[in-house]
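For the sequence shown, the positions run -22 to -1, 1 to 198 when mature numbering (1 follows the signal peptide of the UniProt record, and there is no 0) is used.
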Amino acid sequence: MRTLHASFILFLVLCCSVAATAQDQPSIRLVAAAPTSAATPASLASDITGTVPALRAGAETSGFLDGTVWAAVARRHELDPRLLYGVALQETRHRAGPHTSAPWPYTLRGPTGPQFHASRPAAARALRKLMARHRPEAIDVGLMQINLHWHGDKVADPAQLLDARTNLEIAAEILVEAIQSAPGDLALGVGRYHHWKDAAIARAYGRRVLRLVRAMTASG
(Lines of atoms letter the chains of each structure in order from A and count residues from 1; the text may use other names and numbers.)
(Lines give C-alpha, C1' and ligand atoms only; values in the text may rest on other atoms or scores of the structure.)
Protein backbone atom coordinates (compact mmCIF):
# COMPACT_ATOMS: atom_id res chain seq x y z
CA MET A 1 0.00 0.00 0.00
CA ARG A 2 2.08 2.88 -1.31
CA THR A 3 1.38 6.35 -2.64
CA LEU A 4 0.45 6.50 -6.34
CA HIS A 5 2.82 7.91 -8.98
CA ALA A 6 2.34 11.66 -9.42
CA SER A 7 1.15 11.31 -13.00
CA PHE A 8 -2.00 9.57 -11.81
CA ILE A 9 -3.10 11.89 -9.04
CA LEU A 10 -4.95 15.14 -8.82
CA PHE A 11 -3.28 17.79 -6.74
CA LEU A 12 -5.33 18.98 -3.78
CA VAL A 13 -5.07 22.65 -2.98
CA LEU A 14 -6.28 23.13 0.59
CA CYS A 15 -7.24 26.70 1.27
CA CYS A 16 -7.26 27.71 4.92
CA SER A 17 -6.58 31.03 6.59
CA VAL A 18 -5.15 29.53 9.76
CA ALA A 19 -2.76 26.68 10.53
CA ALA A 20 -4.40 23.29 10.06
CA THR A 21 -5.70 21.51 13.14
CA ALA A 22 -7.77 18.37 13.64
CA GLN A 23 -10.90 20.58 13.67
CA ASP A 24 -10.12 22.53 10.47
CA GLN A 25 -12.42 22.04 7.50
CA PRO A 26 -10.50 23.60 4.59
CA SER A 27 -12.22 23.96 1.27
CA ILE A 28 -10.86 21.95 -1.63
CA ARG A 29 -9.99 22.77 -5.19
CA LEU A 30 -8.90 20.06 -7.60
CA VAL A 31 -6.31 20.84 -10.24
CA ALA A 32 -5.78 18.32 -13.02
CA ALA A 33 -2.41 16.61 -13.07
CA ALA A 34 -0.23 16.43 -16.14
CA PRO A 35 -1.73 14.27 -18.91
CA THR A 36 -0.85 10.60 -18.75
CA SER A 37 -0.74 8.00 -21.48
CA ALA A 38 -2.33 5.39 -19.24
CA ALA A 39 -5.80 4.22 -20.20
CA THR A 40 -8.55 5.88 -18.18
CA PRO A 41 -11.72 3.74 -18.11
CA ALA A 42 -14.75 5.89 -18.79
CA SER A 43 -17.08 4.17 -16.35
CA LEU A 44 -16.65 3.09 -12.77
CA ALA A 45 -16.74 -0.53 -11.67
CA SER A 46 -20.17 -2.11 -12.04
CA ASP A 47 -19.70 -4.78 -9.39
CA ILE A 48 -19.82 -2.25 -6.54
CA THR A 49 -23.19 -1.88 -4.88
CA GLY A 50 -24.04 1.76 -5.36
CA THR A 51 -21.87 4.19 -7.23
CA VAL A 52 -18.23 4.85 -6.51
CA PRO A 53 -18.36 8.60 -5.97
CA ALA A 54 -15.73 10.81 -7.52
CA LEU A 55 -14.36 13.99 -6.00
CA ARG A 56 -15.26 16.83 -8.33
CA ALA A 57 -14.03 20.38 -8.42
CA GLY A 58 -16.41 22.78 -6.73
CA ALA A 59 -18.74 20.05 -5.47
CA GLU A 60 -20.37 19.82 -2.07
CA THR A 61 -18.83 16.65 -0.67
CA SER A 62 -20.04 16.43 2.92
CA GLY A 63 -22.75 13.82 2.18
CA PHE A 64 -21.64 12.35 -1.12
CA LEU A 65 -21.05 8.88 0.38
CA ASP A 66 -24.58 8.52 1.78
CA GLY A 67 -26.28 5.36 0.57
CA THR A 68 -23.13 3.83 -0.91
CA VAL A 69 -21.16 0.71 -0.09
CA TRP A 70 -18.67 2.98 1.67
CA ALA A 71 -21.32 4.04 4.17
CA ALA A 72 -22.59 0.48 4.66
CA VAL A 73 -19.15 -1.01 5.33
CA ALA A 74 -18.10 1.91 7.52
CA ARG A 75 -21.24 1.56 9.64
CA ARG A 76 -20.57 -2.13 10.28
CA HIS A 77 -17.05 -1.33 11.44
CA GLU A 78 -17.96 1.88 13.29
CA LEU A 79 -15.83 4.03 11.00
CA ASP A 80 -16.43 7.36 9.31
CA PRO A 81 -17.06 6.51 5.62
CA ARG A 82 -15.00 9.53 4.62
CA LEU A 83 -12.04 7.96 6.37
CA LEU A 84 -12.39 4.78 4.31
CA TYR A 85 -12.77 6.83 1.15
CA GLY A 86 -9.79 8.98 2.08
CA VAL A 87 -7.59 5.90 2.43
CA ALA A 88 -8.91 4.62 -0.90
CA LEU A 89 -8.05 7.91 -2.60
CA GLN A 90 -4.57 7.75 -1.15
CA GLU A 91 -4.15 4.17 -2.35
CA THR A 92 -5.81 3.97 -5.79
CA ARG A 93 -6.82 7.45 -6.89
CA HIS A 94 -7.22 7.54 -10.65
CA ARG A 95 -8.65 9.98 -13.17
CA ALA A 96 -12.35 9.30 -13.68
CA GLY A 97 -13.00 12.27 -15.96
CA PRO A 98 -12.06 15.92 -16.47
CA HIS A 99 -11.01 17.41 -13.13
CA THR A 100 -12.32 14.28 -11.41
CA SER A 101 -10.66 11.49 -9.49
CA ALA A 102 -11.92 8.36 -7.77
CA PRO A 103 -10.55 5.16 -6.22
CA TRP A 104 -10.17 2.39 -8.79
CA PRO A 105 -10.97 -1.22 -7.80
CA TYR A 106 -8.87 -2.87 -10.52
CA THR A 107 -5.57 -1.44 -9.34
CA LEU A 108 -2.50 -3.60 -8.77
CA ARG A 109 0.90 -2.64 -7.51
CA GLY A 110 4.12 -4.56 -7.87
CA PRO A 111 7.80 -3.65 -7.74
CA THR A 112 7.52 -1.62 -10.95
CA GLY A 113 4.64 0.56 -9.74
CA PRO A 114 0.85 0.80 -10.08
CA GLN A 115 -1.26 -0.80 -12.79
CA PHE A 116 -4.79 0.44 -13.54
CA HIS A 117 -6.82 -2.17 -15.42
CA ALA A 118 -10.05 -1.54 -17.29
CA SER A 119 -11.85 -4.63 -16.02
CA ARG A 120 -11.77 -7.28 -13.33
CA PRO A 121 -10.77 -10.10 -15.75
CA ALA A 122 -7.88 -8.02 -17.07
CA ALA A 123 -6.73 -7.28 -13.54
CA ALA A 124 -7.01 -10.96 -12.60
CA ARG A 125 -4.78 -11.97 -15.51
CA ALA A 126 -2.23 -9.34 -14.57
CA LEU A 127 -2.35 -10.44 -10.94
CA ARG A 128 -1.48 -14.01 -11.92
CA LYS A 129 1.55 -12.71 -13.81
CA LEU A 130 2.67 -10.62 -10.83
CA MET A 131 2.31 -13.60 -8.50
CA ALA A 132 4.39 -15.77 -10.83
CA ARG A 133 7.23 -13.24 -10.86
CA HIS A 134 7.27 -11.61 -7.44
CA ARG A 135 6.98 -12.43 -3.77
CA PRO A 136 3.61 -11.80 -2.05
CA GLU A 137 4.99 -8.95 0.08
CA ALA A 138 5.67 -6.99 -3.14
CA ILE A 139 2.07 -7.17 -4.39
CA ASP A 140 -0.89 -4.98 -3.37
CA VAL A 141 -4.33 -5.69 -4.79
CA GLY A 142 -7.56 -3.86 -5.43
CA LEU A 143 -9.49 -0.84 -4.24
CA MET A 144 -7.67 -0.48 -0.91
CA GLN A 145 -4.38 -2.12 -1.97
CA ILE A 146 -4.48 -5.21 0.24
CA ASN A 147 -1.00 -6.71 0.57
CA LEU A 148 -0.84 -10.42 -0.29
CA HIS A 149 1.84 -11.25 2.26
CA TRP A 150 0.12 -9.71 5.26
CA HIS A 151 -3.53 -10.20 4.40
CA GLY A 152 -3.78 -12.62 1.49
CA ASP A 153 -4.93 -15.34 3.87
CA LYS A 154 -8.22 -13.48 4.35
CA VAL A 155 -9.45 -14.80 0.99
CA ALA A 156 -9.38 -18.24 -0.62
CA ASP A 157 -8.06 -16.83 -3.91
CA PRO A 158 -6.09 -13.56 -4.24
CA ALA A 159 -8.24 -12.62 -7.25
CA GLN A 160 -11.17 -12.26 -4.85
CA LEU A 161 -9.53 -9.05 -3.67
CA LEU A 162 -10.55 -7.52 -6.99
CA ASP A 163 -14.13 -7.60 -5.76
CA ALA A 164 -14.57 -4.10 -4.39
CA ARG A 165 -16.86 -5.02 -1.51
CA THR A 166 -14.61 -7.88 -0.37
CA ASN A 167 -11.59 -5.61 -0.58
CA LEU A 168 -13.30 -2.82 1.33
CA GLU A 169 -14.50 -5.13 4.12
CA ILE A 170 -10.98 -6.45 4.69
CA ALA A 171 -9.54 -2.95 4.55
CA ALA A 172 -12.03 -1.74 7.15
CA GLU A 173 -10.92 -4.50 9.52
CA ILE A 174 -7.27 -3.56 8.99
CA LEU A 175 -8.00 0.14 9.48
CA VAL A 176 -9.91 -0.42 12.72
CA GLU A 177 -7.04 -2.48 14.11
CA ALA A 178 -4.54 0.18 13.06
CA ILE A 179 -6.51 3.01 14.67
CA GLN A 180 -7.00 1.06 17.89
CA SER A 181 -3.24 0.53 18.10
CA ALA A 182 -2.61 4.25 18.57
CA PRO A 183 -5.08 5.69 21.12
CA GLY A 184 -5.21 9.46 20.96
CA ASP A 185 -3.12 9.69 17.77
CA LEU A 186 -5.44 9.32 14.80
CA ALA A 187 -2.80 10.28 12.25
CA LEU A 188 -0.50 7.53 13.47
CA GLY A 189 -3.34 5.02 13.67
CA VAL A 190 -4.57 5.72 10.16
CA GLY A 191 -0.99 5.69 8.90
CA ARG A 192 -0.39 2.23 10.27
CA TYR A 193 -2.77 1.00 7.60
CA HIS A 194 0.10 1.82 5.24
CA HIS A 195 3.24 1.26 7.34
CA TRP A 196 3.15 -0.28 10.80
CA LYS A 197 6.75 -0.13 11.97
CA ASP A 198 7.98 3.34 11.01
CA ALA A 199 6.02 5.94 12.99
CA ALA A 200 7.26 8.87 10.90
CA ILE A 201 6.17 7.28 7.62
CA ALA A 202 2.87 6.18 9.14
CA ARG A 203 2.07 9.57 10.62
CA ALA A 204 2.86 11.38 7.36
CA TYR A 205 0.53 9.02 5.49
CA GLY A 206 -2.17 9.47 8.12
CA ARG A 207 -1.96 13.24 7.88
CA ARG A 208 -2.40 13.08 4.12
CA VAL A 209 -5.53 10.97 4.54
CA LEU A 210 -6.93 13.26 7.23
CA ARG A 211 -6.40 16.27 4.97
CA LEU A 212 -8.50 14.50 2.34
CA VAL A 213 -11.18 13.79 4.95
CA ARG A 214 -11.28 17.44 6.02
CA ALA A 215 -11.51 18.48 2.39
CA MET A 216 -14.45 16.13 1.84
CA THR A 217 -16.16 17.63 4.88
CA ALA A 218 -16.02 21.16 3.52
CA SER A 219 -18.01 22.57 0.66
CA GLY A 220 -16.15 23.37 -2.51
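Every residue gets a Cβ at the ideal spot worked out from N, C-alpha and C, and that includes glycine.
Can you tell which of the options has the C-alpha that lies nearest to the C-alpha of residue i?
i    : options               : result
W82  : H95, Y171, P76        : H95
I148 : D131, Q158, D163      : D131
R181 : A156, P76, Y63, L146  : A156
H127 : M109, H72, S159, A142 : M109
A137 : A150, E151, L86       : L86
L139 : G88, R71, R192, V119  : V119
R113 : P89, G162, R192, F42  : P89
State the DSSP-derived secondary structure class of residue i, mapped to helix, strand or coil.
i    : result
R181 : helix
Q123 : coil
G75  : strand
D135 : coil
L190 : helix
P81  : strand
P99  : helix
W48  : helix
Starting from residue i, trace the beta strand (DSSP E) both ways and give me its first and last residue.
i   : result
L86 : 85 to 88
Q93 : 91 to 94
Can a CB atom of chain B be found closer than 7 Å to the CB of residue i?
i    : result
K107 : In the displayed structure, chain B is absent; only one protein chain is listed.
What are the boundary residues of the alpha helix (DSSP H) that includes residue i?
i   : result
T70 : 59 to 70
Taking the DSSP output, what are the residues bridged to residue i?
i    : result
D118 : R87, N125
Note to self: Between the region 157 to 170 and the region 40 to 56, can you find at least three pairs of beta-carbon atoms closer than 8 Å?
What the structure shows: No: fewer than three Cβ pairs fall under 8 Å.
Notebook entry, point to check: Would you call the region 98 to 118 and the region 180 to 191 touching, i.e. three or more CB-CB distances under 8 Å?
Noted result: no
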